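Q: Structure below; questions to follow.
Residue numbers (this note's numbering): 36 to 264.
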């Protein structure tokens with residue numbers, strides 16, 4: 036049914052959520068700003084770093100100019116890089132899912148991560164050659180929830196072999212990615228720690244890839260299920 040699977044690397048395949056959260060909270064603290072972990076998960080998780088920073092500052096009841104937001108985001112990126120440099124775990128079932136899917140469908144990455152971080156994470160997993168295309172935040176003019184990252188991915192896929200959007204499935208871990216995929220008419224499965232009010236924006240939801248196949252995800256999507264538990 037599906038010819039292409041496009042993954043958000045962070046959250047769907049690599050368990051970077053806690054590292055992203057802690058990096059931003061630490062950067063906020065450097066500015067004397069505080070939000071709770073729960074507030075972060077509700078308003079910031081799954082967004083590109085700068086968008087998450089904007090939401091966090093607003094939630095803290097403060098304001099920063101563009102330069103301040105840039106500095107806040109850059110510090111968060113540095114703290115994140117320092118954390119993942121010590122190692123990152125894959126999400127439950129991710130390795131097995133990729134191993135089963137790779138011989139049967141085309142695989143790609145469309146991630147909010149930088150090229151440097153994406154290559155590092157893929158290298159840690161031993162997946163340097165597993166994905167036909169890898170689109171990072173460095174490849175798109177605007178970030179998720181903009182359609183741009185997925186439009187770039189579709190263009191690069193088409194250079195090798197065209198696949199209709201109806202034959203492509205996105206796997207995302209947050210609202211920005213879900214909206215980005217839907218903007219180019221690609222169906223989407225929400226994966227992982229996605230709050231219910233965000234998960235319902237996708238075509239289906241699974242807590243992890245553990246035990247799933249391309250067929251089982253396709254079945255959830257085609258039957259219109261939104262299993263938000």
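Cβ coordinates follow ideal geometry from the N, Cα and C atoms, glycine included.
Nothing here was measured: the structure is a model prediction, and the numbers come from that model.
How do the stretch 177 to 188 and the stretch 205 to 216 stand: do at least 3 beta-carbon pairs fall below 8 Å, yes or no?
A: Counting Cβ pairs under 8 Å, three or more are found: they touch.
Q: Output needed for residue 126: all residues of its chain with C-beta closer than 8 Å, excluding positions within five of it in sequence on either side, in chain order.
A: 46, 47, 48, 49, 50, 226, 227, 243 and 244.
Q: The alpha helix (DSSP H) with residue 131 in it runs from where to where?
A: Note, residue 131: alpha helix (DSSP H), 129 to 136.
Q: Sorted by chain position, which residues of the same chain lie with C-beta nearer than 8 Å to residue 123's C-beta, five sequence neighbours on each side aside?
A: Correct list, in chain order: 49, 50, 51, 54, 156 and 159.
Q: Buried or exposed, going by whether 16 or more other CB atoms sit within 10 Å of the CB of residue 256?
A: Buried.
Q: Quick check on residue 147: buried or exposed, where buried means 16 or more other Cβ atoms within 10 Å of its Cβ?
A: Flag for residue 147 reads buried.
Q: If we call anything under 8 Å between Cβ atoms a contact, is residue 229 one with residue 208?
A: Against a cut-off of 8 Å, the Cβ pair of residue 208 and residue 229 comes out as a contact.
Q: Return the CA-CA distance between residue 150 and residue 168, expressed in angstroms with no decimal places.
A: Going by the C-alpha atoms only, they are around 12 Å apart.
Q: Going by C-alpha to C-alpha distance, which of 39, 251 and 224 sits closest to residue 137?
A: Cα-wise, what sits closest to residue 137 is 39.
Q: Examine chain B for any beta-carbon lying closer than 8 Å to the beta-carbon of residue 253, and answer yes or no.
A: Absent from the structure is chain B; it holds one protein chain and no more.
Q: Can you tell which of 144, 57 and 234 has its C-alpha closest to the C-alpha of residue 41?
A: Looking at the Cα atoms, 144 is the closest of the given residues.
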